[in-house]
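To keep things clear, I will list the structure first and then write my remarks on it.
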Amino acid sequence: MAEITRLPILVLTGFLGSGKTTLLNRLLRDGPRTAVLINEFGQTPVDHELLERQDLPLMTLSGGCLCCQIKGALAPVLKNLWLAWGKPGAPRFDRIVLETSGVASPEPVLDTLLRDRWLAGHYALQGVVATLAVPAAAGQIDHFPEAKAQAAWADALLLTQADLGTPADLALLESRLDALAPAVPRFQAAHGAIDPAALLAALAGGGRKLPGGGEVPGHGFRSLSLHLRTAVSWPLLREVLENLLDRHGARLVRIKGVVHLRERFEPVALHGAAGRLYPPAALAVRAGQDGLGRLVFITAGPLDGLDRELLEGLRGHLAEGSLRWH
0 MAEITRLPIL
10 VLTGFLGSGK
20 TTLLNRLLRD
30 GPRTAVLINE
40 FGQTPVDHEL
50 LERQDLPLMT
60 LSGGCLCCQI
70 KGALAPVLKN
80 LWLAWGKPGA
90 PRFDRIVLET
100 SGVASPEPVL
110 DTLLRDRWLA
120 GHYALQGVVA
130 TLAVPAAAGQ
140 IDHFPEAKAQ
150 AAWADALLLT
160 QADLGTPADL
170 ALLESRLDAL
180 APAVPRFQAA
190 HGAIDPAALL
200 AALAGGGRKL
210 PGGGEVPGHG
220 FRSLSLHLRT
230 AVSWPLLREV
240 LENLLDRHGA
250 RLVRIKGVVH
260 LRERFEPVAL
270 HGAAGRLYPP
280 AALAVRAGQD
290 GLGRLVFITA
300 GPLDGLDREL
310 LEGLRGHLAE
320 GSLRWH
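Its first residue numbered 0, the sequence shown is counted upward by one per residue in numbering that gives the first Met the number 0.
Right under this line is the structure:
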């Protein structure tokens, strides 16, 4: 441990569906040995299953945001991680990447990292990278304080899904960022293409203002977790999810999950955000999988009737007690 006195920690933030996990996968393909800490708002964690690499130290904090509901959990986890890192024979890593929940403000996370004397003495904040999806980010900044804070506290901005947005979408987002974070370096990613070296180089140097340290107002997001006990046909599942997005798109801000389809051998990842359902993406078959499908729905405020619609649309596929609000 003599060669490293403080472990670098990189914070990834960004609103729901903006591509944080895609960026994380790209960062993990090469570069330093990395430990990953993922914060998920929903009760059912799924993001860890979306990681391409499973051979690294990985921890998940679920059931709320690090900015409010489970803020106090961050410091103990990081302290335990440091102590485990120092033990003989423990997995070695040279940095930590912390992926925050999509509805979390970075300010309380930074407050913990920078004001906790023990953490500040053992971890060096490498920087904050925020992902913003070009087709939807301007509207999210306008409507959600969390999205605005994510961009405002970032040291680098990654504009994702540029291939899905129009020139007008990009111009509107650029105008919002010109007012909100004019000096923060910006990068674009289309079709998932990202240059990690350039992105991380933009984090070098510069000062860091301390957060105010006050309480962040609670937000009105809720989540619904669903377990599927059997494989489901893709046409049926697509129809159910697209109908939900059509009827509730303004309040149903995120769908994500890992499911098993009758038409596919391997499990697939499903994503929906900003009123759009994306095609299923194949995942690797891994030992120890239990065969359950898991879907998480995140809403901006209560969404009466969503559970009933899911029960009706997927009747016969749901595991007992599978629906759970948070």
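By construction, the Cβ of each residue, glycine as well, lies at the ideal position given by its N, Cα and C atoms.
6 Å Cβ shell around residue i - same chain, five flanking residues per side excluded
i      : result
Asp48  : This sequence places Glu at residue 48; Asp is not what is there. Cβ within range, chain order: Val257.
Gly164 : Val133 and Pro134
Ala34  : Pro56, Phe92 and Ile95
Ala1   : Confidence is the limiting factor: at Ala1 the pLDDT is only 44, short of 50, which leaves the residue's position unreliable, though a coordinate-based value still follows. Hits under 6 Å: none found.
Phe296 : Leu223 and Ile254
Arg261 : Ala230 and Ser232
Gly191 : Thr21
Asp154 : Gly126, Val127 and Leu202
Ile140 : Ala146, Lys147 and Arg175
Ala89  : Ala83
Pro266 : Val257, His259 and Leu282
Gly292 : Leu227, Val258 and His259
Pro184 : Ala155 and Ala201
Asn38  : Leu60, Leu65, Thr99 and Ser100
Leu144 : Note that residue 144 is Pro in the sequence shown here, rather than Leu. Hits under 6 Å: none found.
Closest Cα partner of residue i within the set the options
i      : options                           : result
Arg307 : Leu225, Asp54, Ala161 and Ile193  : Leu225
Leu131 : His190, Arg114, Ser17 and Asp194  : Ser17
Ile193 : Leu27, Val267, Leu6 and Leu82     : Leu27
Leu294 : Ala230, Leu77, Ala103 and Leu82   : Ala230
Ala136 : Leu6, Leu124 and Gln149           : Gln149
Leu9   : Leu158, Ala129 and Thr159         : Ala129
Thr43  : Gly219, Leu223 and Ser100         : Leu223
Pro279 : Gly300, Gly292, Trp233 and Pro301 : Trp233
Leu50  : Leu282, Pro301 and His316         : Leu282
His328 : Pro301, Leu269, His218 and Asp29  : An answer regarding residue 328 cannot be provided, because it is not within the stretch 0 to 325 covered by the chain.
Gln160 : Ala103, Leu172, Ser100 and Ala153 : Leu172
Leu156 : Pro75, Val127 and Ala167          : Val127
Val45  : Leu82, Ser100, Gly13 and Pro144   : Ser100
Asp162 : Ala188, Leu227, Gly138 and Ala180 : Ala188
Arg180 : Trp152, His316 and Leu113         : The sequence shown places Ala at residue 180, not Arg. Among Trp152, His316 and Leu113, the Cα nearest to that of Ala180 is on Trp152.
Pro7   : Ala103, Leu158, Leu199 and Pro75  : Leu199
Leu112 : Pro75, Ala83 and Val183           : Pro75
Val102 : Phe40, Gly88 and Pro266           : Phe40
Asn24  : Pro184, Asp177 and Glu98          : Glu98
Leu235 : His316, Phe264, Asp177 and Ala178 : His316
Pro195 : Pro184, Gly30 and Ala268          : Gly30
Ala167 : Gly138, Ala182, Gly300 and Gly13  : Gly138
Own chain partners of residue i with C-beta closer than 8 Å, once the 5 adjacent residues on each side are dropped
i      : result
Leu327 : Since the displayed the chain opens at 0 and closes at 325, residue 327 lies outside it and no answer follows.
Ala197 : Phe186
Thr298 : Phe220, Arg221, Ser222, Leu223, His247, Arg250, Leu251, Val252 and Leu305
Leu80  : Ala34, Leu36, Pro56, Met58 and Ile95
Arg5   : Gly120, His121, Tyr122 and Ala123
Asp115 : Ala74
Leu169 : Val133, Leu158 and Ala161
Pro87  : none
Phe264 : Val284
Nonlocal neighbours in the same chain, by C-beta distance under 7 Å from residue i, ignoring five residues either side
i      : result
Lys78  : Trp117
Gly290 : His259
Ala32  : First, the residue type needs correcting, since residue 32 is Arg and not Ala in the sequence shown. These residues qualify, in order along the chain: Arg91, Phe92 and Asp93.
Pro301 : Arg221
Asp177 : none
Leu15  : Gly101, Val102, Val252, Arg253, Ala272 and Ile297
Gly368 : No information on residue 368 is available, as it lies outside the stretch 0 to 325 that the chain covers here.
Residue i, enclosing beta strand (DSSP E) - first and last residue
i      : result
Leu225 : Phe220 to Leu227
Ala34  : Thr33 to Glu39
Where the alpha helix (DSSP H) through residue i begins and ends
i      : result
Leu97  : No alpha helix (DSSP H) contains Leu97, which is instead part of the beta strand (DSSP E) from Arg94 to Glu98.
His121 : Arg116 to His121
Val76  : Leu73 to Trp84
Ala200 : Pro195 to Ala200
CB contact below 9 Å: residue i versus chain B
i      : result
Asp162 : Considering every chain present, this structure includes no chain B. It has just one protein chain.
Cβ-heavy atom distance, residue i to the ligand SAH, below 8 Å
i      : result
Gly191 : Judged by which ligands are present, the structure shown has none, so any question about the ligand SAH falls away.
| Between the segment 233–246 and the segment 299–314, do at least 3 Cβ pairs fall closer than 8 Å? | yes
field: beta strand (DSSP E) runs contained entirely in the segment 233–305, provided each spans 3 or more residues
entry: 251–258, 267–272 and 292–299
Quiz item: Any chance the segment 105–112 sits against the segment 18–25, with 3 or more Cβ pairs inside 8 Å?
Solution: The segment 105–112 is not in contact with the segment 18–25.
Which complete beta strand (DSSP E) runs does the segment 124–191 hold, if anything under 3 residues is left out? 155–159 and 185–187
Q | Contained alpha helix (DSSP H) runs [length at least 4] in the segment 1–29, N- to C-terminal order | A | The segment 1–29 contains these whole alpha helix (DSSP H) runs: 19–28.
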